[in-house]
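Read the structure below first, then the notes.
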Amino acid sequence: MGDLFGEFLVLSLLSLICQDYPYAGMSDEKGMRMSKRSVLWGAAVVMIAVVLGSISVVWGQDGETLRVWTKFNADSPQVTSDRWLVQTINDYREATGVTVENTYVVYNEINTRLNVAVQSGGDIPDVSYVDSQSIGFYYNQGTLTDLTEFVTSASWYSDLDPAALQACTAPSGEILCVPTTTTNFFTYYWADVYPNGYPATTDEFLALAPEVRAAGYYPVTFKGAEGASVERFYYPLMASYGAQVVGENGEATWANPESVAALEFVRALYTNDFAPQVTLAPGFDFEEPFKQGQAGAFVAGTFSYVYLTPLVAPSGERFEEAPPAEGFDSNAIAVGDAFDAGELLFAPPLSAPGGQPRSMVLATAWAVPYGSENVEGALQFIDFQMSTQANIDFAVAYGALPTLQSAAADPLFASAYWQAAAEYQAASGIPAPAWTNYDEALRLLSTAIVNIITDPNADIMAQLQAAQDEYNLGIQ
Amino acid sequence: MATAAGTSSITDVFTQRQPSPPSYRRSALIPLAFLLPTIIVLLVMQVYPAVYAIYISTTRLRRGIAEPIGLANYERLFQTPSFLEGLKNTAIYGGSFLVLTVVVGMFLALLLNRRIKFTGFYLVLLFIPWVLSDVVAGTMWRWLFQPNYGILQDWLTAAFPYLQNPLFTDPTGSMAIVILASVWQALAYTTILSLGALQTVPHEVLESAALDGANRFQRFFRIILPIIRPTMLVMILLVSIRAINSVGLIYATTGGGPGRATQTASIYLLITGWRQGEFGLGAAVSMVLLGVNLVLTFFYISLVGRKREAA
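As they're listed, the protein sequences go chains A and B.
Per my numbering, the first sequence starts with residue 971, numbered consecutively.
Per my numbering, the second sequence starts with residue 2, numbered consecutively.
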């Protein structure tokens, strides 16, 4: 049918050119008349072509179609996880004949937009990527379909990491999603800047930081603004100081002395110029000081290696075009090579003095939204993703640990990088706080912390209390 | 007799020309019939959504079902610091944007009205920001002030070394960037409108005033401004509404940050209504903003009307 559209357009345009083009010797009036007729013809051709094109698009979709929402861009792949999705869509079509239509939704909006679609009764995908930390939110809103029966009867159920499965389990015991990877956060640092290793506690850090700054480096860079800053840095630090940030009913309990102590350290980072100001800008410019060798350390996720290419070490050595290191996706090689060269090292997150380092563990997952028109197709697609090889492929492309134990045992994850990631996750991993409205909590808490940083005279406890009150008012 | 005859003839003419009631009604319906398609489109595309938004603002949506909750959304809204701060930011942003856009636009229009060379070229230059999309313009301004590599930030740091923080991550500085970007983008609009209005001022009046000894300021404030006042008021109204409803450029430039420094009420509406999915609360915000816009509209229209009555 698509050919019909093309043939019609080409033949019509040819006939138009050959038939009515004014030629020398033709009177002006006749030429003008012919010209007008050509315009009318042209308009008619375009209209018919558009109609035929639309019809061809509809008729051209042979077989079943599955509508999927992900935070990966299959139309214009930029990073390894985007390329993984393109490959997966092709593999799935070859294996099942089903065409997967992916809708790319930006990473920090996919959970709320999925909820919006369900709550408004709008255009709902058959299956969607979700973040496990939003399970409490989804559960309260009734956004997702209960997958308990599907998961517990699946062939891969016994192979699934119980901790990851727990991340997809609602307070009622219902399993609302199928976890595919787990990720956590730790520290990348340049060996030249920290030759004696990265400090373990915030006190040690503040003692060493003036020396690092005097040498011309920012001691650390991290995401300091927007919701993701809470997940990556602020919440784990507050937890390390012993702060309880969520109540039994999903309410916020941010205003406590432990949170204040953690945020006094954060404020000290800025008042002493130990963290670059770009950390407070929206987006991902905060990575640049580390990528350019201007910052000594970087609070990173297991997935960060996917994005940190190229890298320039403080020594000036540039990493971007070496063969892929073991355990890394072949398209994201800089971190692995810098590690192999001994320039880049990894360390646990900073902890409170006398406390334990803490790192938030997040799971990526698949879920079926309430109102999905193709639940059977959705479950089949999820099942396809849960083979050992598919789980390995996604984990490496995304930059996270696989949730199937058979996949985690693969030699690919025996590299120093993944061993470190697994070790930090086991030693310092904590689940996401079960705030009833997770994204709103991230927004309000990160906003309060930025206010605390940008206004050195602001009372930390008062700021936290105001944000906490606003959040709790909203969930009543 | 003459009077009676005259009266009679006028009456006759009047009654002859007066259409019969059915045909009069028919002719009165013709304009309505022509207007009907537009009225229907307006009803469907403007009035219905507005009325529906009022309804939605009194509900809470769950799985596509609207649960009536009365005025609870409004009550919550006015207890929410984010929204109240958003209103304050809207006032700061809107007021600065309005004053700068109108004053600078008028100044540029006065320059262009002096019949200088290459006026057309200058107008094209002025129009470039106006035709840029908000996202493109916002991204450009973000990059210009980016703390690491922003060229304007580099210049600022070199010129004012005592500035502690980059403008982009400073609450006041980021608001200044947003206002600057918005004024830069909207200048074309106010300049063109002002220029059009200035060209309606009769030269003879200005020449007479000059001969009578009026200086430039007196001519501007006593003659030009009163003549172009209706146009200016309409322009101020439209710029005010644009300032209150502005989202795209602010969001693309700062995302409402740092913290809540540039989060206007419209940005708050975007966050609650679309990013958080709270349609009821979002609709309540939109109703409050609609109210503010209506108040401004009635205020400006009454100013125009009062002037006309005085004239």
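Glycine included, every Cβ here is placed at the ideal spot set by N, Cα and C.
Residue i, DSSP secondary structure in three states
i: Pro167/B; result: coil
i: Arg1328/A; result: coil
i: Gly306/B; result: helix
i: Tyr1387/A; result: helix
i: Glu208/B; result: helix
i: Glu1196/A; result: coil
i: Val289/B; result: helix
i: Leu101/B; result: helix
i: Thr1139/A; result: strand
i: Tyr991/A; result: Interpretation of Tyr991/A is limited by its pLDDT of 44, a score under 50 that renders its predicted location unreliable; the figure taken from the coordinates is listed afterwards. Coil, per DSSP.
i: Ser1351/A; result: According to the sequence shown, residue 1351/A is Phe rather than Ser. In this structure, Phe1351/A counts as helix in the three-state DSSP scheme.
i: Gly1030/A; result: Any reading at Gly1030/A must be qualified, since the residue scores a pLDDT of 46, below 50, and its modelled position is unreliable; the value itself is stated next. Helix, per DSSP.
i: Leu72/B; result: coil
i: Phe1244/A; result: coil
i: Ser1321/A; result: strand
i: Ala1337/A; result: strand
i: Asp1173/A; result: helix
i: Pro1206/A; result: helix
i: Asn1154/A; result: coil
i: Gln130/B; result: The sequence given here has Pro at residue 130/B, not Gln. Reduced to three states, the DSSP call for Pro130/B is helix.
i: Asp1096/A; result: coil
i: Met996/A; result: The predicted position of Met996/A is uncertain, since its pLDDT is 48 and thus under 50; no value can be drawn from it.
i: Pro1149/A; result: strand
Contacts of residue i in chain A (Cβ-Cβ under 7 Å)
i: Pro38/B; result: Within chain A, no residue comes near Pro38/B; the closest Cβ sits about 22 Å away, beyond 7 Å.
i: Gly258/B; result: Ala1195, Pro1252, Val1420
i: Phe280/B; result: Ser1090
Within chain A, the residues that residue i reaches when beta carbons sit closer than 9 Å
i: Pro82/B; result: Ala1436, Ala1437, Asp1439, Glu1440
i: Trp275/B; result: Glu1079, Thr1082, Arg1083, Val1086
Beta-carbon proximity of residue i to residue j, cut-off 8 Å
i: Thr1241/A; j: Pro1426/A; result: yes
i: Gln1264/A; j: Tyr1187/A; result: yes
i: Ala1087/A; j: Tyr1109/A; result: no
i: Ile1362/A; j: Leu1332/A; result: no
i: Gly274/B; j: Asn1085/A; result: no
i: Val1236/A; j: Tyr1204/A; result: yes
i: Asn1078/A; j: Met1330/A; result: no
i: Leu157/B; j: Leu164/B; result: yes
i: Thr1406/A; j: Thr1150/A; result: no
i: Val184/B; j: Val105/B; result: yes
i: Ala1391/A; j: Thr1272/A; result: yes
i: Phe1364/A; j: Trp1054/A; result: yes
i: Lys1261/A; j: Leu1233/A; result: no
i: Thr255/B; j: Thr265/B; result: no
i: Asp1353/A; j: Ala1124/A; result: yes
Residue closest to residue i, alpha-carbon to alpha-carbon, out of the options
i: Ser287/B; options: Glu86/B, Ile57/B, Leu44/B, Phe35/B; result: Ile57/B
i: Val235/B; options: Asn90/B, Tyr94/B, Val103/B, Leu72/B; result: Val103/B
i: Trp317/B; options: Thr120/B, Ala182/B, Leu239/B, Arg77/B; result: This structure does not reach residue 317/B, given that chain B is present from 2 up to 312, and the question cannot be answered.
i: Asn74/B; options: Tyr301/B, Phe299/B, Phe280/B, Gly292/B; result: Phe280/B
i: Ala1386/A; options: Arg1063/A, Phe1316/A, Glu1196/A; result: Phe1316/A
i: Val1049/A; options: Ala1392/A, Ala1418/A, Tyr1368/A; result: Tyr1368/A
i: Val136/B; options: Val289/B, Leu250/B, Leu291/B, Gln219/B; result: Leu250/B
i: Ile224/B; options: Pro203/B, Asn246/B, Leu238/B; result: Pro203/B
i: Ser1098/A; options: Val1075/A, Gly1091/A, Gly1106/A, Thr1172/A; result: Val1075/A
i: Arg1213/A; options: Ile1400/A, Val1420/A, Thr1424/A; result: Looking at the sequence provided, one finds Ala at residue 1213/A rather than Arg. The shortest Cα separation from Ala1213/A among Ile1400/A, Val1420/A, Thr1424/A belongs to Ile1400/A.
i: Gln147/B; options: Leu1414/A, Ala1437/A, Lys1261/A, Gly1253/A; result: Gly1253/A
i: Tyr1127/A; options: Thr1172/A, Val1148/A, Thr1113/A, Ala1137/A; result: Val1148/A
i: Glu1218/A; options: Ser1342/A, Pro1259/A, Gly1106/A; result: Gly1106/A
Closer than 7 Å at the beta carbon, the chain B residues around residue i
i: Gln1247/A; result: Pro148, Asn166, Pro167, Thr170
i: Gly1220/A; result: What Gly1220/A touches in chain B: nothing, since even the nearest Cβ is about 15 Å away.
Contact list for residue i against chain A, beta-carbon separation under 8 Å
i: Leu62/B; result: Gln1089, Ser1090
Partners in chain B for residue i, counting only beta-carbon separations shorter than 9 Å
i: Thr1424/A; result: Asn166, Thr170, Asp171, Pro172, Pro259, Gly260, Ala262
Residues that residue i contacts on chain B, provided the C-beta gap is smaller than 8 Å
i: Leu1443/A; result: Arg77, Gln80, Thr81
i: Glu1410/A; result: Gln277
* Contact list for the stretch 1038 to 1058 of chain A against chain B, Cβ threshold 8 Å -> none
* Asked: Just by C-beta distance, which residues in the stretch 160 to 181 of chain B are closer than 8 Å to chain A?
  -> Asn166, Pro167, Phe169, Thr170, Asp171, Pro172
* To do: Select from the stretch 98 to 124 of chain B all residues with a C-beta closer than 7 Å to any C-beta belonging to chain A, and list them in chain order.
  => none
* the stretch 71 to 95 of chain B: which residues have C-beta closer than 9 Å to a C-beta of chain A, in chain order? -> Arg77, Gln80, Thr81, Pro82, Ser83
* **Against chain E: residues of the stretch 237 to 259 of chain B by CB proximity under 8 Å** => Absent from the structure is chain E; the protein chains it does hold are A and B.
* the stretch 1254 to 1266 of chain A: which residues have C-beta closer than 9 Å to a C-beta of chain B, in chain order? -> Asp1255, Glu1258, Pro1259, Gln1262, Gln1264
* **Interface positions of the stretch 1112 to 1123 of chain A facing chain B (Cβ-Cβ less than 7 Å), listed along the chain** => Gly1112
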